[in-house]
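Taking it in order: structure first as structure tokens, then the write-up.
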Amino acid sequence: MSQAIEIGSWIFLVSGSIFCIIGGIGIIRMPDFFTRTHAASITDTMGAGLVLAGLFLQGIGMMFDENMAWVPDAWLVPVKILFLGFFILLTSPTAGHALVKAAYAHGLCAKVSEGYGGQLVTDTLDHAAEVDASKMHVAPATEAEAETTGDGGEEDDDAVSK
Amino acid sequence: MADHPMFMAAMVGIFVTMFLALVRAGLGPTTYDRILAVNMFGTKTVLLIAVSGFLYGRPDFLDIALVYGLVNFAGTIAVCKFARFNSLSRDDRRAE
Chain A
1 MSQAIEIGSW IFLVSGSIFC IIGGIGIIRM PDFFTRTHAA SITDTMGAGL
51 VLAGLFLQGI GMMFDENMAW VPDAWLVPVK ILFLGFFILL TSPTAGHALV
101 KAAYAHGLCA KVSEGYGGQL VTDTLDHAAE VDASKMHVAP ATEAEAETTG
151 DGGEEDDDAV SK
Chain B
1001 MADHPMFMAA MVGIFVTMFL ALVRAGLGPT TYDRILAVNM FGTKTVLLIA
1051 VSGFLYGRPD FLDIALVYGL VNFAGTIAVC KFARFNSLSR DDRRAE
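From first to last, the protein sequence lines stand for chains A and B. For the record, in the first sequence the residue sitting at position 21 is 21 according to this note's numbering, with numbers rising by one throughout. Count along the second sequence from 1, add 1000, and you get the number used in this note's numbering.
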């Protein structure tokens, strides 16, 4: 019982740490803001979830002493870890959504690779009103399509900036 | 149980992630990159407090981690709103 808890905690904690480091590398190496949110959300879901699962197993192990007798009040520890995981899973996608929505409404464009006919625009915060919204989309195939998306996007920008 | 190496391993991984998030917060070309990195740093701080509570044999640290997680969420939302409207007292409904 105790051995199984130790092994499970090792696996969960180490794999959670590895997911955290992967997300950290991603937030350094990803090309623009919208892809960096992807890397950050990995650390919030898999990283935090696996580390908290490892701690939850340890908390289960702390509920019993060596003779498998019930330790009073030790049940609070895994319950608190469940609350912690619940709040992280509730708040981190909400914060990420609000962040991306604020960035998009402010005129931040996605960085599109050249092979898809896009253009590299990373920082448009200072002139959000004159953003060409056709650059926000991956492939403006024809000029007509680019114009229609551009018109719609500019109206959106005006509505937001008022 | 107090000084188990697996908690040290988890703390090392979390420290490395916090350092990488700080690098992005320093580099980040836009304001939103910095907010994202600081939000990620705060989530990692919650994990670090929880793991260090187990490392020192005092799981009461989980209360602090809970409070820190909620404060981190409220702070991120407030900074988002400030970066979007340049004000914290603006009525959101008129912007939609």
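Each residue gets a CB set at the ideal place from its N, CA and C atoms; glycine is no exception.
Inset, instruction - Under the assumption that I1077(B) contacts A40(A) (Cβ atoms under 8 Å), give the Cβ distance between them as a whole number of angstroms. - result: Mapped onto the second sequence, residue 1077(B) falls at position 77. Mapped onto the first sequence, residue 40(A) falls at position 40. At roughly 16 Å, the Cβ-Cβ gap does not stay under 8 Å, so I1077(B) and A40(A) are not in contact.
Inset, instruction - Using a Cβ-Cβ cut-off of 9 Å, state whether L1020(B) counts as contacting chain A. - result: In the second sequence, the residue the question calls residue 1020(B) occupies position 20. It does: the Cβ of L1020(B) has a partner Cβ on chain A nearer than 9 Å.
Legend entry - Reduced DSSP secondary structure (H/G/I, E/B, other) of T1017(B): Residue mapping note: residue 1017(B) aligns to position 17 of the second sequence, counting from 1. Looking at T1017(B) - three-state DSSP - the assignment turns out to be helix.
Legend entry - Exposure label - G1069(B); buried when at least 16 CB within 10 Å: Here the question's residue 1069(B) lines up with position 69 in the second sequence. Result: buried.
Inset, instruction - Name the residue from M62(A), E66(A), T43(A) and L52(A) whose alpha carbon lies nearest to the alpha carbon of D73(A). - result: Within the first sequence, residue 73(A) is the residue found at index 73, counting from 1. The residue with the shortest Cα to Cα distance from D73(A) is M62(A).
Inset, instruction - Report the partner residues of W75(A) according to the DSSP bridge assignment. - result: Against the first sequence, residue 75(A) aligns to sequence position 75. According to DSSP, W75(A) bridges with nothing at all.
Legend entry - is_contact[Y1032(B), chain A] using C-beta, thresh 9 Å: As a first step, residue 1032(B) must be located in the second sequence, where it is residue number 32. Answer yes: the Cβ-Cβ gap between Y1032(B) and chain A drops below 9 Å somewhere.
Inset, instruction - Can you grab the Cα-Cα spacing for the pair G107(A) / D1033(B), in whole Å? - result: Within the first sequence, residue 107(A) is the residue found at index 107, counting from 1. Within the second sequence, residue 1033(B) is the residue found at index 33, counting from 1. Answer to the nearest angstrom: the Cα atoms are 14 Å apart.
Legend entry - CB contact flag (G1075(B), G1042(B), <9 Å): As a working note, residue 1075(B) is residue 75 in the second sequence. As a working note, residue 1042(B) is residue 42 in the second sequence. Result yes, Cβ atoms of G1075(B) and G1042(B) sit closer than 9 Å.
Inset, instruction - Mind reading off the beta-carbon distance from V77(A) to P1005(B)? Whole number of angstroms is fine, and I expect it under 8 Å. - result: Locating residue 77(A) in the first sequence gives position 77, counting from the first residue. Locating residue 1005(B) in the second sequence gives position 5, counting from the first residue. That pair is no contact at about 20 Å.
Inset, instruction - Check whether the Cβ atoms of T45(A) and S2(A) lie closer than 9 Å to each other. - result: Within the first sequence, numbered from 1, the residue matching residue 45(A) stands at position 45. Within the first sequence, numbered from 1, the residue matching residue 2(A) stands at position 2. The answer is no: Cβ separation not under 9 Å.
Legend entry - Any C-beta of chain B under 9 Å from that of D44(A): Counting from one through the first sequence, the residue named residue 44(A) turns up at place 44. Yes, its Cβ sits closer than 9 Å to a Cβ of chain B.
Inset, instruction - Determine contact between the segment 28-37 of chain A and the segment 50-61 of chain A, defined as no fewer than three beta-carbon pairs at a distance below 8 Å. - result: no
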